[in-house]
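Peer 1:
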Amino acid sequence: MERILRDIMTLTLKDMGIDDTTIDIEVPRDEGYGDLSTPIAMRLAKKLKKPPKASALDLISKLKTYQDDLFDNIEIAGNGFINFRLSKTALTKELLKIITNDDYFKEDIGKGKKVQIEFVSANPTGPLHLGHGRGAAVGMALSNILTEAGYDVQKEYYINDAGRQISLLGESVFARYRQNVCNDIDYPFPEDGYKGDYIIEIAKTDEVKRLLDGCNNLTPQIHETLNRLSCEMMLNDIKKDLSDFGISFDNWQSEKMLYEKGMVQNAIQHLSQKGYIYEKDGARWFKSTAFGDDKDRVVIKQDGEYTYFASDIAYHKLKLDKGYEEIVDIWGADHHGYINRVSAVLQALGLKSEAFKVLLIQMVTLLRGGKPVSMSKRSGDFITLREVMDEITPDTTKFLFLTRRHDTPLEIDIEKAKMQSSENPVYYVQYVHARICSIFEKASSTGINLDTSSDVISYNYTDDEMRLIKKVLFYPMTLRGAVLSREPHRIAFYLQELAGLFHPYYHTERVITDDKDTTHARLILCEAIKKTVSHGLKMLGVSAPQKM
RNA sequence: GCGCCUGUAGCUCAGUAGGAUAGAGCAACUGCCUUCUAAGCAGUGGGUCAGGGGUUCGAAUCCCUUCAGGCGCGCCA
0 MERILRDIMT LTLKDMGIDD TTIDIEVPRD EGYGDLSTPI AMRLAKKLKK PPKASALDLI
60 SKLKTYQDDL FDNIEIAGNG FINFRLSKTA LTKELLKIIT NDDYFKEDIG KGKKVQIEFV
120 SANPTGPLHL GHGRGAAVGM ALSNILTEAG YDVQKEYYIN DAGRQISLLG ESVFARYRQN
180 VCNDIDYPFP EDGYKGDYII EIAKTDEVKR LLDGCNNLTP QIHETLNRLS CEMMLNDIKK
240 DLSDFGISFD NWQSEKMLYE KGMVQNAIQH LSQKGYIYEK DGARWFKSTA FGDDKDRVVI
300 KQDGEYTYFA SDIAYHKLKL DKGYEEIVDI WGADHHGYIN RVSAVLQALG LKSEAFKVLL
360 IQMVTLLRGG KPVSMSKRSG DFITLREVMD EITPDTTKFL FLTRRHDTPL EIDIEKAKMQ
420 SSENPVYYVQ YVHARICSIF EKASSTGINL DTSSDVISYN YTDDEMRLIK KVLFYPMTLR
480 GAVLSREPHR IAFYLQELAG LFHPYYHTER VITDDKDTTH ARLILCEAIK KTVSHGLKML
540 GVSAPQKM
């Protein structure tokens, strides 16, 4: 609905010789101000050098020549707001489009722009914890809405399967093998090793036992194989967790592969040719200060080894080489100090700084009965995503994450989350869908079916119904806002508002009545609501159950 | 010390790219199942938007500053 208004306003402004102004259209807080409103006259006043009211009058008179039957009236408020009241016929006609047009909510904002979203990317040295779950929920929802908005999105998981941590993983598994399989209780556990029980489970698997059979100490070859094996098993667990959580990826990018294919070396060489690499104190540095970083960063250490940053350079170069025009990295907030140097790399490689966005996922602090639970992978003492989603369902967990902005710290009391699971907001929204499904079931059992063949509705919708109709028709505004701001949580809040309108309506009015026209009109409304709710839930990666 | 994030109702959080009289859920209390699902509905109470200054037609939102909390600041990954 708002799209129609936006379109004709764009045309009108063009007529007036203005085509560089952003058009803000919003739903006023108070219904008394109309259905939609725009503060554009205030902005226009400066350009036209006329007072806001005069500018508004100019705009309105021209606007009406385009599509007069869209509005009941257009008013100018004392402060210069232009308030539109939409006509019932225009609104109901549009309502039918939601039902008949399966792509109604698609809007081509992205115009096929290639965007890569990288998220989760947890090290394969332990199971996913809640913070990863939060990143997964956000990344998935973001890629869903961007895809719906016409972007060409690829979801990627970056596997840190190279470097010392993996070596340490192998050593940890070996120590547990000696201790738990060979009963060599005094075998020393590596100081910084991974202490979680999952390491013991890996050590006890047949594959590991077969590999390590009769092995008293790690030879380089066996260590290498054990690393690979442990990493694979860990990664399989992660993949299983993600898939059970409802998260999918288009590509799993291995860090190790970057080294094996010489891409790290190539990337450094490439930057070197551009003059961004220099030597100092026996090491090689990337001149990231040239692009706004605090200090230059080492890429090759004195001992000739690459730093972790070096492989990240190669990784981000690969993203560009694959043709992505926008790069979104979703990281834990504790990595924020890393943004500038990666941004510097991408700029050095020719990407505009606006085309690189990092979404920081703030910490999830877990409380159990009011007391914080410590989260350390090394000590093995942390709450996994698996535990939580098994306890309160993946839907509830995702909704919990997506009813918050991703960049604000989040506290979850696991006891409360469990207790509230039957009163959780996600059920409130899903219940709308289930109830409407139930209505249609009842309708078809009495021989009534939804008829969309005619666009004439011989029924006068009540005020409550008009409120619902508008809410549904304005859903694309929320979607658009979520896309532009990259904030999927807005959809979760919208859905709660829509549910907050539907449930009271359901309670006071019956959809299936003796009157044919009334029933028909109300079924149309219900179908539109159902489509909207199921679309919104789908964007969030949450199911829309037929029954509850 | 420097940098990033945060501070809104008792609690957990929204606040729609600076817009109109600051919202929701939870918790508390009171009612409502013979109806298409009570995971629901109706009602009641609750605020110095951390403090101060500035920018303008207009600020919870932008800028400066103070205070409070969190997280970073390796030739670790």
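Numbering-wise, numbering that gives the first Met the number 0 puts 527 at position 528 of the first sequence, and it's gapless, one number per residue. All C-beta atoms in this analysis are idealised placements derived from N, C-alpha and C, irrespective of residue type, glycine included.
Can the beta-carbon of K61 be found less than 9 Å from the beta-carbon of D23?
Peer 2: Their beta carbons are not under 9 Å apart, which means K61 does not touch D23 by this criterion.
Peer 1: DSSP three-state label for A282, please.
Peer 2: A282 falls in the strand class under three-state DSSP.
Peer 1: Quick check: the Cα distance between L228 and G303, rounded to an integer number of angstroms?
Peer 2: Rounded to the nearest angstrom, the two C-alpha atoms are 27 Å apart.
Peer 1: Considering only C-alpha positions, which residue in the set N72, I17, I98, D18 is nearest to S452?
Peer 2: For S452, the nearest C-alpha among the options comes from I98.
Peer 1: Can you tell me which of the three DSSP states R296 falls into?
Peer 2: Three-state result, R296: strand.
Peer 1: Using 8 Å as the Cβ pair cut-off and three pairs as the minimum, do the stretch 131–143 and the stretch 324–336 touch?
Peer 2: The stretch 131–143 is in contact with the stretch 324–336.
Peer 1: Between the C-alpha atoms of S437 and F501, what's the straight-line distance to the nearest angstrom?
Peer 2: Taking the straight line joining both Cα atoms gives about 14 Å.
Peer 1: Looking at the secondary structure, which residues open and close the beta strand (DSSP E) in which K45 lies?
Peer 2: From DSSP, K45 is part of no beta strand (DSSP E) but of the alpha helix (DSSP H) over 39–47.
Peer 1: Since T124 and Y193 should fall inside the 8 Å C-beta cutoff, what is the C-beta to C-beta distance between them, to a whole number of angstroms?
Peer 2: Contact holds; Cβ gap of about 6 Å.
Peer 1: Can you list, in chain order, the residues of its chain with a C-beta nearer than 7 Å to that of K96? Leave out the 5 residues immediately preceding and following it.
Peer 2: The residues are Y103.
Peer 1: Any contact of the stretch 344–360 with the stretch 284–300, i.e. 3+ C-beta pairs under 8 Å?
Peer 2: Short answer: they touch.
Peer 1: Y305 by DSSP, collapsed to three states: which one?
Peer 2: Strand at Y305.
Peer 1: According to DSSP, what are the bridge partners of H488?
Peer 2: According to DSSP, H488 bridges with nothing at all.
Peer 1: Could you pull out every unbroken alpha helix (DSSP H) segment of at least 4 residues lying fully inside the stretch 103–166, listed in chain order?
Peer 2: Entirely contained in the stretch 103–166, the alpha helix (DSSP H) runs reaching 4 residues are, in chain order, 129–147.
Peer 1: State the CB to CB distance for the pair V532 and V431, rounded to an integer number of angstroms; the pair is presumed to be in contact (CB under 8 Å).
Peer 2: Their Cβ separation, rounded to whole angstroms, is 5 Å, which keeps V532 and V431 in contact under 8 Å.
Peer 1: Spell out the partners DSSP gives G331 in its beta bridges.
Peer 2: Paired residue(s): I360.
Peer 1: Grab me the residues of E390's own chain with a C-beta within less than 7 Å of its C-beta, minus the 5 sequence neighbours each way, in chain order.
Peer 2: K417, listed in sequence order.
Peer 1: Between the stretch 154–171 and the stretch 490–499, are three or more C-beta pairs nearer than 8 Å?
Peer 2: Not touching, per the Cβ criterion.
Peer 1: Please report the distance separating the alpha-carbon of G109 from that of T364.
Peer 2: When rounded, the distance between both Cα atoms is 35 Å.
Peer 1: Less than 9 Å between the C-beta atoms of A40 and S54, yes or no?
Peer 2: Against a cut-off of 9 Å, the Cβ pair of S54 and A40 comes out as a contact.
Peer 1: Could you spell out the range, first to last residue, of the beta strand (DSSP E) harbouring N250?
Peer 2: Taken as a continuous stretch (DSSP letters only), the beta strand (DSSP E) holding N250 covers 250–253.
Peer 1: Identify, in the order they occur along the chain, each residue of the same chain with its Cβ nearer than 7 Å to the Cβ of R377, setting aside the five sequence neighbours on each side.
Peer 2: Only weak support is given to the placement of R377: the predicted model assigns it a pLDDT of 49, under 50, and the question is left unresolved by the model.
Peer 1: What does a CB cutoff of less than 8 Å around T224 pick up in its chain, not counting 5 residues either side in sequence?
Peer 2: The answer, listed in chain order, is L210.
Peer 1: Starting from E526 and walking both ways along the alpha helix (DSSP H), at which residues does that stretch end?
Peer 2: Run containing E526: 515–539, per the alpha helix (DSSP H) assignment.
Peer 1: For S36, does the count of other Cβ atoms within 10 angstroms reach 16, so buried, or fall short, so exposed?
Peer 2: It counts as buried.
Peer 1: Report the three-state DSSP secondary structure of F473 (helix, strand or coil).
Peer 2: Reduced to three states, the DSSP call for F473 is coil.
Peer 1: When we look at the beta-carbon of D311 and count the other beta-carbons within 10 Å, is it buried (16 or more) or exposed?
Peer 2: Buried.
Peer 1: Starting from the C-beta of I199, find all residues in its chain whose C-beta is less than 7 Å away, skip the five residues before and the five after it, and write them out in chain order.
Peer 2: Hits under 7 Å: R175, N179.
Peer 1: What's the call for Y156, buried or exposed, on a 16-neighbour Cβ count within 10 Å?
Peer 2: Under this definition Y156 is a buried residue.
Peer 1: Have a look at T402 and L449 and give me their C-alpha separation to the nearest angstrom.
Peer 2: About 33 Å.
Peer 1: Note down the Cα distance separating K112 from L524, rounded to an integer number of angstroms.
Peer 2: Approximately 35 Å between the Cα atoms of the pair.
Peer 1: Would you call the stretch 460–467 and the stretch 113–122 touching, i.e. three or more CB-CB distances under 8 Å?
Peer 2: Because the criterion of three Cβ pairs below 8 Å is not met, the stretch 460–467 and the stretch 113–122 do not touch.
Peer 1: Nearest CA to the CA of I81: which residue from L90, F70, K87?
Peer 2: Nearest of L90, F70, K87 to I81, Cα basis: F70.
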